[in-house]
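A.B. asks: One structure coming up, written as structure tokens, with questions to follow.
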């Protein structure tokens with residue numbers, strides 16, 4: 006069974022707007038990571054947040070983690086057309102055995 | 230520094246054929262893994278390795294074999310290809326304790342089994 010589930014499945018916004026994606030998971034984790042995948046490409050790591058952290062920033066990205074609700078959110082501020090991609094959350098617990106990806110959110114940023 | 234490389238990029242097989250997907254990394258990472266990605270789904274872990282000579286099964290290991298004779302290489306073998314194995318395959322690597330660090334992904338191999 007999949008550990009992470011992103012919401013929404015698809016999101017379409019205008020350039021300059023903020024995009025928020027959510028991720029829910031089921032079991033205890035050590036960390037949660039967000040990845041981006043451009044069409045036809047491999048995944049690129051965006052940000053990692055550990056279970057003892059509540060918020061993390063990287064450039065235009067802001068990630069929050071609520072372990073009591075088993076959920077995380079990824080906020081992309083001032084979106085650009087180049088942000089158009091699929092975004093995946095992945096949770097890590099044991100040594101790679103439970104490193105599980107969700108089905109992803111497809112983000113479209115319209116110029 | 231090439232990162233993670235995968236060959237081939239595309240492959241078409243007939244049912245019952247066998248083949249090996251190649252994966253190599255030049256970052257001296259201990260942890261390597263194979264995923265498959267199907268439409269509308271996230272990546273599912275097939276096999277992983279925490280170092281040369283050590284491999285273990287992931288979520289969907291059936292029909293696949295792996296070995297890790299060197300730190301750099303982690304080939305994935307399809308023993309007898311089936312249409313259900315049509316997918317995009319990604320290899321990834323990271324420093325030890327892969328669940329604790331970012332994974333670096335290869336560009337993927339798109340496999341079609343007829």
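Residue numbers (the working numbering), protein chains in the order written: chain Y, 6 to 116; chain P, 230 to 343. The beta-carbon is built from N, C-alpha and C at its ideal position, and this holds for glycine as well.
#1: How many whole angstroms separate the CB atoms of residue 42 (chain Y) and residue 331 (chain P), which I take to be in contact at a CB cut-off of 8 angstroms?
#2: Under the three-state reduction of DSSP, which class applies to residue 88 (chain Y): helix, strand or coil?
#3: Less than 8 angstroms separating the Cβ of residue 303 (chain P) from some heavy atom of the ligand GTP?
#4: What residues in the segment 273-287 of chain P bring their beta carbon closer than 8 angstroms to a beta carbon of chain Y?
#5: Tell me the DSSP bridge mates of residue 334 (chain P)?
#6: Since I believe residue 22 (chain Y) is in contact with residue 84 (chain Y) (beta carbons under 8 angstroms), could you give me their beta-carbon distance rounded to a whole number of angstroms?
#7: By Cβ distance, which residues of its chain are closer than 7 angstroms to residue 50 (chain Y), with the 5 residues on each side in sequence left out?
#8: I'd like to know whether the C-beta of residue 68 (chain Y) is nearer than 9 angstroms to at least one C-beta of chain P.
#9: What's the gap between the Cα of residue 87 (chain Y) and the Cα of residue 110 (chain Y)?
#10: To which residues does DSSP link residue 244 (chain P) through a beta bridge?
#11: Taking only the alpha-carbon atoms, compute the straight-line gap between residue 293 (chain P) and residue 334 (chain P) and give it to the nearest angstrom.
#12: Would you mind giving the Cβ-Cβ distance between residue 255 (chain P) and residue 231 (chain P), rounded to the nearest angstrom? I have them listed as a contact below 8 angstroms.
C.D. replies: With the given structure in hand:
#1: Here residue 42 (chain Y) refers to the residue found at position 37 of the first chain. Here residue 331 (chain P) refers to the residue found at position 102 of the second chain. Between residue 331 (chain P) and residue 42 (chain Y) the Cβ distance is about 14 angstroms, and since that is not below 8 angstroms, they are no contact.
#2: As a working mapping, residue 88 (chain Y) is identified with position 83 in the first chain. Looking at residue 88 (chain Y) - three-state DSSP - the assignment turns out to be helix.
#3: Ligands are entirely absent from the displayed structure, and the ligand GTP is therefore not among its contents.
#4: 273, 274, 277, 279, 285 and 287
#5: Here the question's residue 334 (chain P) lines up with position 105 in the second chain. Paired residues: P:321.
#6: Locating residue 84 (chain Y) in the first chain gives position 79, counting from the first residue. Locating residue 22 (chain Y) in the first chain gives position 17, counting from the first residue. About 6 angstroms separates the two Cβ atoms, so the contact holds.
#7: Start at 1 with the first residue of the first chain, and residue 50 (chain Y) comes out as number 45. Contacts found: 38 and 40.
#8: To locate residue 68 (chain Y), count along the first chain from 1; it is residue 63. So, not an interface residue.
#9: Along the first chain, read from residue 1 onward, the residue named residue 87 (chain Y) stands at position 82. Along the first chain, read from residue 1 onward, the residue named residue 110 (chain Y) stands at position 105. Taking the straight line from one Cα to the other gives about 15 angstroms.
#10: Counting from 1 along the second chain, the entry for residue 244 (chain P) is found at position 15. None, per the DSSP bridge assignment.
#11: Within the second chain, numbered from 1, the residue matching residue 293 (chain P) stands at position 64. Within the second chain, numbered from 1, the residue matching residue 334 (chain P) stands at position 105. Rounded to whole angstroms, residue 293 (chain P) to residue 334 (chain P) spans 19 angstroms at the Cα level.
#12: What you label residue 255 (chain P) is simply residue 26 of the second chain in a count that begins at 1. What you label residue 231 (chain P) is simply residue 2 of the second chain in a count that begins at 1. The Cβ separation is near 5 angstroms, so the contact holds.
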